[in-house]
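Quick notes on the structure that follows.
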Amino acid sequence: MPTIPTEPAIQVAGLRKSYRSRSGDQLVLDDVDLVVPAGTVTALLGANGAGKTTTVGVLSTLLAPDAGTVRVAGHDVVREADAVRASIGVTGQVTAVDELLTGAENLRLMVRLAHLGRAEGRERVAELLERFALTDAADKPVSTYSGGMRRKLDLAMTLVSAPAVVFLDEPTTGLDPRSRRTLWDEVRALVAAGTTILLTTQYLEEADQLADQVAVLHGGRVVAQGTPDELKRVHDAGTLDDVFLALTEPAAATPAETTTTDQEAVR
Ligand SMILES: Nc1ncnc2c1ncn2[C@@H]1O[C@H](COP(=O)(O)OP(=O)(O)OP(=O)(O)O)[C@@H](O)[C@H]1O
Ligand SMILES: [Mg+2]
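Just so you know, we're using the working numbering here: the sequence shown kicks off at 328 and counts up by one.
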């Protein structure tokens, strides 16, 4: 049977984004190019303030791009924002759970937003509570949850609608080692089922373990993109930490030069 070529789940070309303020514009994303094949995990790395959350914001239709084309799940984020929203799930850097509601109530809210039937919704809520070890805490208000429990609930809420593309902005920050492993297992299970994941992380070992592909954001551009092994080889580095430090040094080569070198080298 002939295979039908599938469009990458995420395609970003020439993305530009500034924040406007009274003291002037701040250019955060200068010229970002990024391709994420369907059914893979990409880790977006970058120093604090590099623009990771801004990128996730544009890709998830929460922020409007100034220039460039961004397609997610086969749709343009500007012209077909509703279609993009229907295909994605987002877990933000700051948790979006309602403190006054219980964990189960938060999940039921998402069931209604996702227009799931009653029986299906009940099943999904029970399954997600179980998967994230929140069953015992299900009927307690979120205000009594620990930081890690909130994070897990947030991710469970993202998954209620079974989205094709999932954005996770620093999903494991503040999680204990066991919870972090649980989350890695979840990410792997989602990808095995065909979901595409773009995650940001400051834990480079996590990117190494989880990601099919790593993209490093620096100076408003993706200065390197490849598998963890490719990037280590190109930079003659033992760990992704070393790759990251070499690429994001303030005095490193200009982003444009680095992009060309790295992308050609990993091809
Ligand atoms: N709403 C906003 N208004 C103005 N400037 C902003 C806004 N959000 C972010 N910025 C600025 O844009 C830059 C990139 O921020 P962003 O949050 O995208 O970085 P990040 O890579 O996610 O950083 P971190 O690792 O700390 O989460 C920073 O200089 C930040 O101050
Ligand atoms: Mg951020």
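Positions of the beta carbon are idealized from the N, C-alpha and C atoms, including for glycine.
Which residue's Cα is closest to the Cα of residue i: the options?
{"i": "G547", "options": "Q338, V385, K379", "result": "K379"}
{"i": "A400", "options": "L386, R508, D393, D357", "result": "L386"}
{"i": "L371", "options": "G553, D463, D358", "result": "G553"}
{"i": "Q536", "options": "A542, H545, P555, T527", "result": "P555"}
{"i": "A423", "options": "M437, D360, V411", "result": "M437"}
{"i": "D360", "options": "L574, R560, V550", "result": "V550"}
{"i": "L390", "options": "G373, R412, V541", "result": "R412"}
{"i": "P490", "options": "R347, R515, T522", "result": "T522"}
{"i": "R508", "options": "S488, R458, A340, T485", "result": "R458"}
{"i": "G448", "options": "L486, D463, G419", "result": "L486"}
{"i": "V362", "options": "P577, I524, T388, V417", "result": "I524"}
{"i": "G444", "options": "E432, A542, D496, S488", "result": "S488"}
{"i": "E275", "options": "Q353, D569, H562", "result": "Residue 275 cannot be examined here, being either before or after the span of the chain that is shown, 328 to 594."}
{"i": "R478", "options": "V417, Q353, A538", "result": "V417"}
{"i": "D496", "options": "H402, Q420, R347", "result": "Q420"}
{"i": "L480", "options": "E432, Q353, A542, G395", "result": "E432"}
{"i": "H402", "options": "V492, Q353, M484", "result": "V492"}
{"i": "A542", "options": "D563, E513, L574", "result": "L574"}
Taking 8 Å as the cut-off, is the CB of residue i close to at least one heavy atom of ligand 3?
{"i": "T380", "result": "With respect to ligand 3, the structure shown offers nothing to examine, as its ligands consist of ligand 1 and ligand 2."}
How many Å lie between residue i and residue j at the Cα?
{"i": "L461", "j": "F494", "result": "22 Å"}
{"i": "V404", "j": "I415", "result": "11 Å"}
{"i": "A520", "j": "T367", "result": "10 Å"}
{"i": "K467", "j": "E557", "result": "46 Å"}
{"i": "T586", "j": "A377", "result": "The pLDDT assigned to T586 is 44, lower than 50, so where the model puts this residue is not dependable, and the model offers no usable value."}
{"i": "Q338", "j": "V518", "result": "18 Å"}
{"i": "S506", "j": "L526", "result": "16 Å"}
{"i": "L502", "j": "N375", "result": "19 Å"}
{"i": "L440", "j": "E426", "result": "18 Å"}
{"i": "G373", "j": "H442", "result": "36 Å"}
{"i": "A516", "j": "L510", "result": "10 Å"}
{"i": "A579", "j": "R349", "result": "Note that A579 has pLDDT 47, beneath the 50 cutoff, so the model's placement of it is unreliable and no number is given."}
{"i": "A534", "j": "E407", "result": "31 Å"}
{"i": "E454", "j": "P498", "result": "20 Å"}
{"i": "A464", "j": "P577", "result": "45 Å"}
{"i": "A336", "j": "G565", "result": "30 Å"}
{"i": "P504", "j": "A446", "result": "34 Å"}
Since residue i contacts residue j with CB under 8 Å, what's their CB separation in whole angstroms?
{"i": "S345", "j": "D409", "result": "Actually they are not in contact, since the Cβ atoms of S345 and D409 sit about 25 Å apart, beyond 8 Å."}
{"i": "G475", "j": "L456", "result": "Incorrect: roughly 15 Å between the Cβ atoms, too far for contact."}
{"i": "L428", "j": "V452", "result": "Not confirmed; about 13 Å, so no contact."}
{"i": "L342", "j": "V397", "result": "6 Å"}
{"i": "L544", "j": "T382", "result": "7 Å"}
{"i": "K559", "j": "L567", "result": "7 Å"}
{"i": "A365", "j": "T333", "result": "5 Å"}
{"i": "Q540", "j": "T369", "result": "5 Å"}
At the 9 Å Cβ level, is residue i part of the contact set with chain B, yes or no?
{"i": "T523", "result": "Going by chain labels, chain B is absent from the structure shown, which holds only one protein chain."}
Counting only runs that start and end within the stretch 544–574, where is the beta strand (DSSP E) found for 3 or more residues in a row? Within the stretch 544–574, the complete beta strand (DSSP E) runs of at least 3 residues are 548–553.
Which runs of the alpha helix (DSSP H), 4 residues or longer, sit entirely within the stretch 409–442? 430–440
Return the chain-ordered ranges of every alpha helix (DSSP H) run that is complete within the stretch 495–536 and spans a minimum of 4 residues. Within the stretch 495–536, the complete alpha helix (DSSP H) runs of at least 4 residues are 504–519.
Runs of 3 residues minimum, wholly inside the stretch 360–384: which ones carry the beta strand (DSSP E) assignment? 368–372
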